[in-house]
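Numbering (my numbering), first residue to last: 6 to 208.
For every residue, glycine included, the Cβ atom is placed at its ideal position computed from N, Cα and C.
Since we're looking at a predicted model, the values are computed, not measured.
In what follows, a single structure is set out as structure tokens and then discussed.
Next up, the structure:
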């Protein structure tokens with residue numbers, strides 16, 4: 006008897022795994038934990054730690070937009086230097102709001118030069134934009150759905166969760182995130198306004 010040939014089912018070729026789209030480090034929980042450890046080594050004040058965390062997140066976000074592709078340790082070291090610099094200047098991110106304008110220094114060529122030299126201003130205005138102020142500035146230039154993505158990023162959510170919460174497809178959310186990153190870079194390149202003779206900044 007001849008054996009019947011049994012047709013073998015075609016074995017499907019293995020599909021290539023979908024490539025994961027890159028995420029920004031500011032969305033990475035491990036980076037948040039590393040930043041917390043760095044900040045804990047700089048200050049034991051819980052309130053100041055919260056302020057410094059916000060500062061480091063802005064620093065991380067902007068630095069990665071301007072200089073992508075560096076190592077994690079490089080970005081963390083950059084955030085450490087940034088936090089130490091803020092402390093050296095004797096101010097935290099929310100100092101402007103906490104002092105309520107009670108302590109001001111006139112940035113001109115008058116009698117306050119000694120005070121300004123003490124703070125190592127080198128003639129430049131102090132940057133007193135807080136994390137929330139920066140986010141609000143970005144939001145004012147975005148459309149409603151883009152603001153939802155921005156809000157999620159500011160809260161430290163991963164992009165997939167933001168897309169799901171905002172009822173957006175992942176590619177759309179990614180496109181919005183890239184626009185936000187470009188806008189962040191653009192705002193960072195803007196020249197500061199001309200210094201008025203009696204311009205004031207609160208320390």
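Per DSSP, reduced to three states, the secondary structure at residue 50 is coil, with no helix or strand assignment. Note on the region 142-199: whole alpha helix (DSSP H) runs with a minimum of 4 residues are 149-159, 164-170 and 175-194, in chain order. Counting along the chain, residue 93 sits inside the alpha helix (DSSP H) bounded by residues 77-93. Of 67, 142, 140 and 178, the smallest CA-CA separation from residue 151 is found for 178. With respect to residue 160, residue 171 sits apart: the two C-beta atoms are not nearer than 8 Å. In the structure shown, residue 28 adopts coil according to DSSP, grouped into three states. The straight-line gap separating the alpha-carbon atoms of residue 60 and residue 88 is approximately 7 Å.
In the displayed model, residue 55 falls within a helix according to three-state DSSP.
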